[in-house]
Every structure is written in structure tokens, then in C-alpha cells.
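Residue numbers (our numbering), protein chains in the order written: chain A, 1 to 95; chain B, 1001 to 1416. Beta carbons: idealized from backbone N, C-alpha and C, even for Gly. One structure is given below, encoded as C-alpha cells.
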């Protein structure tokens, strides 16, 4: 697979390591009433879709940036690559 | 029809005209007591034990393609029970014992070959870890034997013993482990289940689960609705898809594992060998091909094919362990989709939906578990309580903190 890095252009997927579903950006509030339930959900349960999947890749052998890659899990076709930082900011996750 | 030496001779003398198809091709009935979704190794084994051991006569297996076309036809055929943790080892040793009597039980040649498995170690720490694992195995009634480098050299002189970075210091061997003919395992279970009255319905894809008031009433399929008092799902690899029809999210990701086979060679490998410094395991099939594999690719996928970096990594591991194979040519490679669970261990349990049961999360160790998985799932379906060796494989263990994590890698499925 070739991942089209937003800053560096097309890079071999072997340069990256894989974390998982991009929902891992949305860490629950540890002070919320339902924190235990929310963290169980966050840490252990997955949608695991057959089809379009947003996922986190880390450019370990490159610029060390985290990417959100939109990829089809039935064909391996990549339709979109974003910097995870931009995605997280758009969701109000960081400053 | 029973198979025997006499029967083979009789058929040979009469032009082989007496052989008949060994399972029927029935149309689905309107209602069954138990439906098993998935005609793979685990589903067919479940049907066999349901009908033969637990006396269930009104059972169907529904399969979207042909039986045995998924992971039971895509693995590296290794059978072993060299686990360490309490929740696992009794289950896998139970499976090992079922393997040892499987061919007599099924009256079918599964080509079970107890050629042993050797796990190599390359450091003091790894030796200590394997010693501990071997002791745990012995405590659970399995067999284990620790070999030093000279003993390993006597049995496997072609290995790369004096590697500067990863010298072979010895190995943990389980002599009762080995390999079995994977397709024959599926066919043997299918034949036995069919002969005990189970309907095996192929080319029948489950498209939905009919659930009313929290109770599962049956399955919607490409051949129409089929009612059932109980539905068991044994579709590892596609668990997310099928259980998603019940609105459930699972502690599972689907990943691809690749496997490889070389051209046929003269006998060189007397047993199964695993490399301790890289992820690589190898055996030799009866046809002579070297059958080997390594890591999963590491990303979510439902495609039954992987990518080239893992091919390179696996072959590098193989050549660094046994340089003798460096000039063997790769004949075929393929991929299978794995249920990678959050702790690397499987699930055999009821679900929050009444009448719906789940068997999955086998990661890439499902083949060796086939008989015990079927036996324990049949026990659960027939009696509504877990089999004594499978009580730890609960669906809710991640919520209650009772994970069974052999690797100690945490909730990162691609590290198990």
C-alpha cells in the first residue's frame, strides 16, 4: 500500500505503524459520571467495518506525524489522508 | 458408509463405483432447534459434537459459500497445546486430546501427524520464559521438554546455531503436537454431522438476524427465513459483520494473516519449528512443500490477501533461522481474515440477546482449537452453560478485567 502523506507525498506503508480506528482520538472524559462505561467502550469495542474505515497510522520511519487514513477494508483502496492533528483540532480535541 | 481397509480393497476391485457423496445437499427446513452460522472448521465441529455427543437431532449449519472454504482451508495446519495461562491451557490440552482420537471418532483420515513442535530460544531470558511455560504445561497435564543447543543440533543440524546476534541456545519441545490435514478436518466433521442428521446448507448467506423483544427467532438468509430456538455464530474473521446484524460491537478487529508454501522438496524438516528471534514458524507437508508463516499484516482488513512488506519480513526470518531454505522457491501464498481480539484469546459465550450465542476471536490460533471449540460451543448451545474448560472465554471479560493475555500486549489487537 502507498499512503499519500499530506506533507511528504506518496510513501510506502512499510514506513508506518498502525494503531487502529480513528475513534481513538476521542478519548472520553475521565471525570464524567459514566467514565467507566465510556472507557470500556473506547478501549475495547470496535465497529470493525467491512468497507470505509478511518484509522490512525504513525509515520515512524519518517516525520513521526500521526495520520488519519480513510481506507476501504475490502479493497485496501485509500481515499483520503489527513494529518491527525488537523482532524483532532476540527473535533475540538486540542488547542 | 464406514471407511475401512476392506472397503478400499473392495472398491478397487469393483471400479470404485460404490463411493457416494458423503454429505447431503438439503433444502432448509422452516424451523430448527439450533442453527450454526458458518460451515468452517469450528461450525462443522460444533454440529458434529451437538449431534453425536449432546444428542441434538434438529440442527442446521448455514454457510454462505462452500464448507471449509474459509480459514480452515487457509491455515498452516499446526496443532499444539503449548499455552501458559490458566484460562487457556486446559482448553488447548482438551483440544490436543480430542485431536489424538479424532480420526477414530470421525472414521475419517485427517492425516493427524504428531511430529512435535520445537520453540527455539536465543537468550537467557527467553530460556527462563520457556522453562516457565513448559512447567505450566506439565502442571496442566500436557507434555513439555526443554532441550539444550546440543540436543536441538542432534535433531535439527541444518539450523543457524552460531548466528552472532541470535545464537540458538535450545528449545522447548512438545512431542505430542504436530500437524493435521486441514481440509480433511472440515470434511470429516461435515460427514459425521451429516450422518447424525445435521442439515448442512451451503450457498446460503445469512443476511440478517430476526430479533424480537430481545430474543433471536432465527436467521434471514439468501434462501429465505429459517427459524431456530437457538442461533450460534461461528464465523471468525467475519464476526464483526454477522454480530453487527444484532447491533453488537465486539472487542475484535479483523486482520489478514498470510501463509506461504514452497515448491515440493525431499524430507528436510522432521517437525514444526518456531523461531524465537523473529516471528516465523515452519513445517513440511506430506507433499514436500515447506509451509510457513509469520506476523499478521497489522491493519484492519476483510480482504483475503496481504501486502509485500510482510512477505519480505517472513522470508527474511526464515532464511536467518535456516539458511538452507534460501534457494527454495516460493510456490504459493495466500491470506486469511482473522478475528484479532483485544487480549489475543477467544470468546465462547452467550450474548445479551436471548437465544444468540457467539464463538469467535480466535486470532490466528483457530485451527488447533477446532475440536475443543466445537465441543465447548456445542456444550454451551445444548446446556446453556459453559463447558468446564471454556469458562474463561467470556464476552464480558474486558469489562470485568479478566483478560487472558498470553503475550501481555494489552488492548492492541495487531500485537497479539
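By the neighbour-count criterion, in which a residue is buried when 16 or more other Cβ atoms sit within 10 angstroms of its Cβ, residue 7 of chain A is exposed. Taken atom to atom, the span from the alpha-carbon of residue 1361 of chain B to that of residue 1091 of chain B is near 15 Å. For residue 1124 of chain B, the enclosing alpha helix (DSSP H) stretches over residues 1124-1139. Check the Cα spacing between residue 16 of chain A and each of A:5, A:25 and A:85: the tightest is with A:5. Beta bridge pairing from DSSP links residue 1204 of chain B with no other residue. Of the candidates B:1195, B:1234, B:1153 and B:1016, B:1234 places its Cα closest to the Cα of residue 1070 of chain B. Contact fails between the stretch 66-74 of chain A and the stretch 1260-1280 of chain B, because fewer than three Cβ pairs, one in each stretch, are under 8 Å apart. Under a criterion of Cβ atoms nearer than 9 Å, the residues of chain B adjacent to residue 55 of chain A are, in order, 1299 and 1300. Its Cα nearest to that of residue 1415 of chain B, the residue B:1294 stands out among B:1054, B:1158, B:1294 and B:1374. With a threshold of 7 Å between beta carbons, residue 4 of chain A makes no contact with chain B.
In the displayed model, residue 1367 of chain B falls within a helix according to three-state DSSP. Within chain A, the residues 44, 45 and 46 have their CB atoms less than 8 Å from the CB of residue 1251 of chain B, given in chain order. Taking the beta carbon of residue 1359 of chain B as reference, no residue of chain A falls within 8 Å; the closest one sits roughly 17 Å away. Bridge pairing for residue 1212 of chain B: B:1215 [DSSP].
Going by C-alpha positions, residue 1108 of chain B is about 27 Å away from residue 1363 of chain B. Residues of the stretch 1295-1327 of chain B with a C-beta atom less than 8 Å from some C-beta of chain A are 1298, 1299, 1300, 1301, 1302, 1303, 1307 and 1309, listed in chain order. Distances from the CA of residue 45 of chain A to each of B:1010, B:1179, B:1058 and B:1342 were compared; the closest alpha carbon is that of B:1342. Judged by DSSP in its simplified three-state form, residue 1354 of chain B adopts strand.
Contacts with chain A at 7 Å (Cβ-Cβ) do not include residue 1394 of chain B. Interface annotation for the stretch 66-89 of chain A against chain B: 73, 74, 75 and 76, criterion Cβ-Cβ distance under 7 Å.
Nearest to residue 1085 of chain B by C-alpha distance, out of B:1145, B:1012 and B:1132, is B:1132. The beta carbon of residue 38 of chain A does not come within 7 Å of any beta carbon belonging to chain B, so the residue lies off that interface.
Going by C-alpha positions, residue 1315 of chain B is about 11 Å away from residue 1308 of chain B. In terms of beta-carbon proximity, residue 58 of chain A stays away from the interface with chain B, with every pair separated by 7 Å or more. CA-CA distance, residue 12 of chain A to residue 1328 of chain B, rounds to 28 Å. For residue 1241 of chain B, the C-beta contacts it makes with chain A under 9 Å involve 48, 49 and 50, in order along the chain.
Every beta strand (DSSP E) stretch that sits fully inside the stretch 22-84 of chain A and reaches 3 residues is listed by chain position as 52-58, 66-72 and 78-83. The C-beta of residue 35 of chain A comes no closer than 7 Å to any C-beta of chain B. Around the beta-carbon of residue 1016 of chain B, fewer than 16 other beta-carbon atoms lie within 10 Å, marking it exposed. In chain order, 1202 place their CB closer than 6 Å to the CB of residue 1066 of chain B, counting only its own chain and leaving out the 5 sequence neighbours on each side.
Residue 1171 of chain B is positioned such that its CB atom lies no closer than 7 Å to that of residue 1185 of chain B. By the neighbour-count criterion, in which 16 or more other beta carbons inside 10 Å mark a residue as buried, residue 35 of chain A falls on the exposed side.
Residue-level contact by beta carbon holds for residue 1398 of chain B and chain A, with a gap shorter than 7 Å.
For residue 1082 of chain B, none of the residues of chain A pass the 7 Å Cβ criterion, the least Cβ distance being about 27 Å. Here the alpha carbons of residue 1251 of chain B and residue 48 of chain A stand approximately 9 Å from one another. Counting only unbroken stretches of 4 or more residues, the alpha helix (DSSP H) elements lying wholly within the stretch 1045-1111 of chain B are 1089-1100 and 1102-1106, in sequence order.
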